[in-house]
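Student:
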Amino acid sequence: MFTIIRDSIFNGLSTFSGTKDNFSKHDILISAPKIQARGDLYTNAAMSFSKALNVVPKVLAKSIADSLMQNESITEVTIASPGFVNFRVDRKFWHASIDNIISKGKDYSYTNLKNGESINVEFVSANPTGPLHTGHARNAVFGSVASNLFERIGYKVTREFYINDKGNQIDSLARSLYLRYKEALGISISEDNFDEGMYCGEYLKELAFEIMRNYLDEFLNKDESDWIEFFKDFAVKRLLKSIEADLSILGVNMDVYTSELELHKQRLVDEAVSILTEKNDMYEGILPKPKGMVIEDWEEKSQLLFKSTKYGDDIDRPVKKSDGTWTYFAGDLAYHLNKMRRGFYKMVTILGADHNGYIKRLKSAVNALGNGKQDIEIRLYQLINFLEKGKPVRMSKRSGNFITLKDVVERVGKDVTRYMMISRHHDVPIDFDLVKAVELSMDNPVFYIQYAYARICSVFRNYESNFGQINIEELKTCSKDPLTDEAEIFLIRALTFWPDQISAAAIAIEPHRVTIFLQEIASLFHSLWNKGKINTELRFISPNNKEESLARMSLLYATKLVLEDGFKIIGIEPLSEMR
RNA sequence: GUACCCGUAGCUCAGUUGGAUAGAGCGUUUCCCUCCGAAGGAAGAGGUCGUAGGUUCGAAUCCUAUCGGGUACACCA
Numbered sequence: 064m065f066t067i068i069r070d071s072i073f074n075g076l077s078t079f080s081g082t083k084d085n086f087s088k089h090d091i092l093i094s095a096p097k098i099q100a101r102g103d104l105y106t107n108a109a110m111s112f113s114k115a116l117n118v119v120p121k122v123l124a125k126s127i128a129d130s131l132m133q134n135e136s137i138t139e140v141t142i143a144s145p146g147f148v149n150f151r152v153d154r155k156f157w158h159a160s161i162d163n164i165i166s167k168g169k170d171y172s173y174t175n176l177k178n179g180e181s182i183n184v185e186f187v188s189a190n191p192t193g194p195l196h197t198g199h200a201r202n203a204v205f206g207s208v209a210s211n212l213f214e215r216i217g218y219k220v221t222r223e224f225y226i227n228d229k230g231n232q233i234d235s236l237a238r239s240l241y242l243r244y245k246e247a248l249g250i251s252i253s254e255d256n257f258d259e260g261m262y263c264g265e266y267l268k269e270l271a272f273e274i275m276r277n278y279l280d281e282f283l284n285k286d287e288s289d290w291i292e293f294f295k296d297f298a299v300k301r302l303l304k305s306i307e308a309d310l311s312i313l314g315v316n317m318d319v320y321t322s323e324l325e326l327h328k329q330r331l332v333d334e335a336v337s338i339l340t341e342k343n344d345m346y347e348g349i350l351p352k353p354k355g356m357v358i359e360d361w362e363e364k365s366q367l368l369f370k371s372t373k374y375g376d377d378i379d380r381p382v383k384k385s386d387g388t389w390t391y392f393a394g395d396l397a398y399h400l401n402k403m404r405r406g407f408y409k410m411v412t413i414l415g416a417d418h419n420g421y422i423k424r425l426k427s428a429v430n431a432l433g434n435g436k437q438d439i440e441i442r443l444y445q446l447i448n449f450l451e452k453g454k455p456v457r458m459s460k461r462s463g464n465f466i467t468l469k470d471v472v473e474r475v476g477k478d479v480t481r482y483m484m485i486s487r488h489h490d491v492p493i494d495f496d497l498v499k500a501v502e503l504s505m506d507n508p509v510f511y512i513q514y515a516y517a518r519i520c521s522v523f524r525n526y527e528s529n530f531g532q533i534n535i536e537e538l539k540t541c542s543k544d545p546l547t548d549e550a551e552i553f554l555i556r557a558l559t560f561w562p563d564q565i566s567a568a569a570i571a572i573e574p575h576r577v578t579i580f581l582q583e584i585a586s587l588f589h590s591l592w593n594k595g596k597i598n599t600e601l602r603f604i605s606p607n608n609k610e611e612s613l614a615r616m617s618l619l620y621a622t623k624l625v626l627e628d629g630f631k632i633i634g635i636e637p638l639s640e641m642r
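Counting in our numbering, the first sequence runs from 64 upward without gaps.
1) Compare the Cα-Cα distances from ILE68 to each of ARG301, ILE91, HIS199, VAL119 and report the closest residue.
2) Kindly list the residues whose CB is nearer than 8 Å to the CB of ALA143, restricted to its own chain and excluding five residues on each side of it in sequence; keep chain order.
3) Any chance you could list the beta strand (DSSP E) runs of at least 3 consecutive residues sitting entirely within the stretch 168-207, in chain order?
4) Who are the Cβ neighbours of GLU551 in its own chain at under 7 Å, not counting the five residues just before and after it?
5) Taking all protein chains shown into account, do 16 or more other C-beta atoms lie within 10 angstroms of the C-beta of GLY146, making it buried, or fewer, making it exposed?
6) So LEU554 and MET616 are supposed to be a Cβ contact under 8 Å. How far apart are they, rounded?
7) Quick one: what does DSSP say ASN95 is sitting in, helix, strand or coil?
8) Using the C-alpha atoms, what's the distance from ARG238 back to PHE297?
9) Have a look at MET505 and GLY394 and give me their C-alpha separation to the nearest angstrom.
10) Whole angstroms are fine: how far does the CA of ILE447 sit from the CA of LEU303?
11) On the three-state DSSP scale, how would you describe ARG461?
12) Mind checking whether SER188 and TYR225 have CB atoms under 8 Å apart?
13) What residue range does the beta strand (DSSP E) around ILE349 cover?
14) How would you call ARG461, buried or exposed, if buried means at least 16 neighbouring beta carbons within 10 angstroms?
15) Determine, using beta carbons only, whether ARG487 and HIS399 come nearer to each other than 8 Å.
16) On the DSSP bridge list, what partners appear for LYS454?
17) Please state whether DSSP places SER639 in a helix, a strand or coil.
18) Start and end of the beta strand (DSSP E) containing ASN149?
19) Give me whichever residues DSSP pairs with LYS383 in a beta bridge.
20) Pairing CB atoms from the stretch 162-179 with CB atoms from the stretch 278-288, are three or more of them under 8 Å?
21) Could you tell me which uninterrupted alpha helix (DSSP H) segments, each at least 4 residues in length, are contained entirely in the stretch 457-520, listed from first to last along the chain?
22) Between which residues of its own chain and GLU214 is the CB-CB distance below 7 Å, once the five residues before and five after are set aside?
23) Within 10 Å of its beta-carbon, does GLY387 have 16 or more other beta-carbons around it, so buried, or fewer, so exposed?
24) Got a sec, what are the start and stop residues for the alpha helix (DSSP H) GLU537 sits in?
25) Under 8 Å, do LEU195 and LEU432 count as touching if we go by C-beta distance?
26) Under 8 Å by Cβ, that's how I've got TYR482 and ILE633 pegged, so tell me the actual separation to the nearest angstrom.
27) The beta strand (DSSP E) with GLY415 in it runs from where to where?
28) Taking the beta carbon of MET641 as the centre, do at least 16 other beta carbons fall within 10 Å, making it buried, or is it exposed?
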């Protein structure tokens, strides 16, 4: 809807030379003034482009104002110093906005900014050594909502999970499973049998029993080399399946799973290393002892290093351990080379805040391998504190007594979990109160927006019992003239901003904004509803006046579409009535 | 010691490429159900945006310094 206005503003600016080179229409801000008396909308374009065009803001503002005046939907334009242009639009503009929303329907917030460009979103990527825990839940929801947002701006999204199915942790996993296997065969095992770093959680017992049933004592009293590969493979496969199941109850589905082990088997690590060697980015060297932390068994060791300092990292990073085997980082070199070979130059990776030390080396690696075409963005999310009636829930990883993702979803439901996980900026830790989260109050913001939606559905039921079945064509074509109240216009205005806000959230990779906008719209709706309680003129349904009722229903229908769109992006189900 | 993140109302947090008089919820005070769902709404109190400088027409937002909190810092993943 704002494109027409943007065009007018742009025309006002384009009388000055250099306009086309300096910015595009998309850079023009149109927003609602905080103070109502100033107008319906304003732009700061005169100030923000004053420098680029080398023209004083007031002159630009005058030119913008003149151009806006020629737009017939604009009724009044005022200039405020130092160059704000405030204006009012005709009611018909807002009325047309409703028609626009209804015609676009489910595609209302879709903007084809990226024109089908491929993007790879890597998220969760949990080690397949146990069930997903609550931290993964935030990662999963963040990645999944970000992906939905990317699709809204025209990206072709691939949701990807990187499987760390190689290394010491997987060895420990296999040994842990072997202990459980011995236990299944009647050998007594206690927690003391599990060394540091091994996995003594209950979940391996089930897998051990399955091996015992199918293979009896075939692996008993054999050398580790005779069984370890089988146990690794079995454990990883099964745990991955349970991870997939956990993600699915959260409504998260991956498109691609990529195995680290496979990349090694395909010799892609060697390939990545030889590419970097050719670029002169690899060398055999000794790393300095880290400062500010005590390492007891520190030894100077020569190892293969990647020259990541060349790309902005603080120190160079080891690709081989001192014993000559590959590091985890070596696998990541291969992995990102693999991503780019599959055509993904635009990459987004979601990681926990504890990975902050890893970003620079990852970006360095991608920059070194990407030949300038690469574009990787990494987003970190903060931890979640689980509370119960305000008191922290104790979690001990050692005894395996930590809250799993499944626990949370089973307790509060998928929708509440998803909503809570993205209701805050990713840089802010979340306090998640398991009790308050299911209360039917404003301590539980999910219900606020669902309540708004349910109320709208209720009005529709009511309308139909008065006037019979409603159809969309009718809503589109009916006269919107009865919509004149301030509260109605405010709601329409908020709905009109929706596509801009969604694309801004996508570009910034900030899914939490969606929840904020939804709160705003729900609030405007609730406000309008209550206004109708006091002033019967404003009620959505006037039993004796179908025309008026229909106009109001068209506004509600547009609101409903936007709420549904928001729900879909967040991945929660709309409720047509509260229990 | 170094890097990254956070510091906004009593509490939990928004604040969109820098925009005009900094906003919500909870809590608190006062109103609004004979009337489409009060699980809601209207209004009040509550702020030198951690502190000090700087950049400019204009700073919660950008830069520098500083204080407080979090996370991470050889070969692990």
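Each residue gets a CB set at the ideal place from its N, CA and C atoms; glycine is no exception. All values reported here derive from a predicted model rather than from experimental measurement.
Tutor: Quick answer:
1) ILE91
2) ARG101, ASN149
3) 181-185
4) LEU591, LEU618
5) Classification of GLY146: buried, given that the 10 Å Cβ count is 16 or more.
6) At roughly 13 Å, the Cβ-Cβ gap does not stay under 8 Å, so LEU554 and MET616 are not in contact.
7) Checking the displayed sequence, the identity of residue 95 turns out to be Ala instead of Asn. In the structure shown, ALA95 sits in coil (DSSP, three-state: anything other than H, G, I, E or B).
8) 12 Å
9) 46 Å
10) Rounded to whole angstroms, LEU303 and ILE447 show a C-alpha spacing of 23 Å.
11) Bear in mind that a pLDDT of 47 at ARG461, under 50, signals an unreliable position, so the model cannot answer this.
12) yes
13) It spans 345-349 - the beta strand (DSSP E) in which ILE349 sits, taken as one unbroken run.
14) In this predicted model, ARG461 has a pLDDT of only 47, less than 50, meaning its place in the structure is not dependable enough to derive any value.
15) No, the pair does not count as a contact, with Cβ atoms beyond the cut-off.
16) GLU451
17) coil
18) 147-152
19) TRP389
20) Contact fails between the stretch 162-179 and the stretch 278-288, because fewer than three Cβ pairs, one in each stretch, are under 8 Å apart.
21) 468-475, 477-484
22) VAL220
23) exposed
24) 535-540
25) Contact flag unset, no.
26) 6 Å
27) 409-415
28) exposed
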